[in-house]
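Worksheet: the structure to be examined is printed underneath.
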Amino acid sequence: MIMHMIKALFQTMRPRQWTKNAFVLAALVFDRQLTNVPATLRTLLGFMLFCLVSGVVYILNDIADAEADRHHPQKRLRPIASGALPIPVARAAAIGLIVLTIPFAFYLSIGFGVILSGYFLLNLAYTRWFKHIPILDVLIIAAGFVLRVAGGVSLIQVERFSPWLYVVTTLLALYIGFGKRRAELTELADQANTHRRVLDGYTLPFLDQSITIVSSSTIIAYSLYTFSAPNLPSNHLMMLTIPFVLYGILRYLYLVQVEGSGGAPEDLLLTDRPLQITILLWGIAVLVIFYAFPVK
């Protein structure tokens, strides 16, 4: 019985979603400190703490949405909605995890503790209010990604981390967020607002235009970063990574608008082979360029 509830609790924390917390590693990689063992260990600890706190957020979100989830074709199978994980147990686990993680975050770094606490409070506000407000709901999601990057910066002694990466992170998160809303609106059709109230404030034309704006802006911002950031090789090799970003954005757009996917972006990341290959090749290219060539 206990093992069954632990399994249900772990499932509720959505480990498949923890890939988003990889943004904590951005400062480590793009500040050329991947070979710095102490900085790497601190960043990995920060990644783990973000995973635990984001897991707590999902627990609290499922508690708040339990009744609505019971009427959703897929979400009704979630542990809390299905009754496999009792709400009092889930609430106690969430409180316990927060009591453990936040103090340890401050131990790692005061700045990191503040950022992680802010991330948690922002998500509480999102669960309570902002998730029901069109546009603002996606902006809050994007802010969560920026806080992940900022958290990684606060954990190491940053030397030349480019502000352009905050811009790219924001735009990319908005792009994925609007894509997710479009997929949900298409999948649930006329019953969309009964499953996620905020969808009543969106239309497909508006979401398509929003996706066009942020996807174009993401490509432009990333392109500007590749030849204007202060810590890049003098031969502008970083510009060779632009095609990978361009294909990745177009591939996600194809999956959302043609394949009707995108309601769960983390599933696409874990299942779509072309997207995985693109991200892998981009990652390899970035590592080679950053760590094999001198800074300009």
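All residue numbers for the sequence shown refer to the working numbering, where the first residue is -9 and numbers rise by one. Note that beta-carbon positions come from the ideal geometry of N, C-alpha and C, so glycine has one too. All values derive from a computational prediction rather than experimental measurement.
For Tyr237, the closest alpha carbon among the candidates Gln266, His226, Leu214 and Ser251 is that of Gln266. Val14 and Gly73 have their C-alpha atoms some 34 angstroms from each other. For the pair Phe94 and Ala173, the Cα-to-Cα distance works out to about 38 angstroms. Residues Ile105 and Tyr156 of the same chain have their beta carbon placed closer than 8 angstroms to that of Ala140, with the five preceding and five following residues left out of the count.
Annotation: the continuous alpha helix (DSSP H) that includes Arg118 extends over Ile100 to Arg118. Excluding its 5 nearest sequence neighbours in each direction, Ala219 has C-beta neighbours in its own chain below 7 angstroms: Ser152 and Trp154, listed in chain order. With respect to the C-alpha of Phe135, the residue from Phe37, Tyr97 and Ile77 having the closest C-alpha is Phe37. In this structure, the alpha-carbon of Thr208 lies about 27 angstroms from that of Pro5.
Counting only residues of its own chain and dropping the five nearest sequence neighbours on each side, Asn11 has a CB closer than 8 angstroms to the CB of Phe37, Phe40, Cys41, Ser44 and Arg138. Around the Cβ of Met(-7), a 10 Å sphere holds fewer than 16 other Cβ atoms; the residue is exposed. Rounded to the nearest angstrom, the gap between the Cα atoms of Ala29 and Ile100 is 16 angstroms. With fewer than three CB-CB distances shorter than 8 angstroms, the segment 125 to 135 does not count as touching the segment -4 to 4.
Contact between the segment 223 to 234 and the segment 273 to 281 is established, with three or more Cβ pairs separated by less than 8 angstroms. Between Val46 and Ile88, the beta carbon gap of about 6 angstroms places them in contact (Cβ cut-off 8 angstroms).
Thr160 counts as buried, since no fewer than 16 other beta carbons sit within 10 angstroms of its beta carbon. With respect to Thr33, Leu145 sits close: the two C-beta atoms are nearer than 8 angstroms.
Annotation: the continuous alpha helix (DSSP H) that includes Ser44 extends over Val27 to Ala54.
Residue ranges of uninterrupted beta strand (DSSP E) with 3 or more members are absent from the segment 229 to 266; none lies entirely inside it. In the structure shown, Val148 falls within a coil segment according to DSSP collapsed to helix, strand and coil.
Rounded to whole angstroms, the gap between the alpha carbons of Pro124 and Arg171 is 10 angstroms. Taking C-alpha positions only, Leu126 is separated from Ser206 by approximately 20 angstroms. For Phe13, there is no enclosing alpha helix (DSSP H), since its DSSP letter is neither H nor E.
For the options Leu164, Gly169, Tyr281 and Asp52, the alpha carbon positioned closest to that of Ser224 is the one of Tyr281. His(-6) carries a helical assignment under DSSP once its states are collapsed to helix, strand and coil.
Between Leu18 and Gly142 a beta carbon distance of about 6 angstroms is seen, short of the 8 angstroms cut, so the two are scored as contacting. When C-alpha distances from Tyr212 are compared across Val246, Val235 and Glu57, the shortest belongs to Val235.
A direct Cα-to-Cα measurement between Glu177 and Thr216 gives close to 37 angstroms. Judged by DSSP in its simplified three-state form, Gly73 adopts coil rather than helix or strand. Under the three-state reduction of DSSP output, Tyr192 falls in the coil class, being neither helix nor strand. By the beta-carbon neighbour count (other beta carbons within 10 angstroms, threshold 16), Arg68 is buried.
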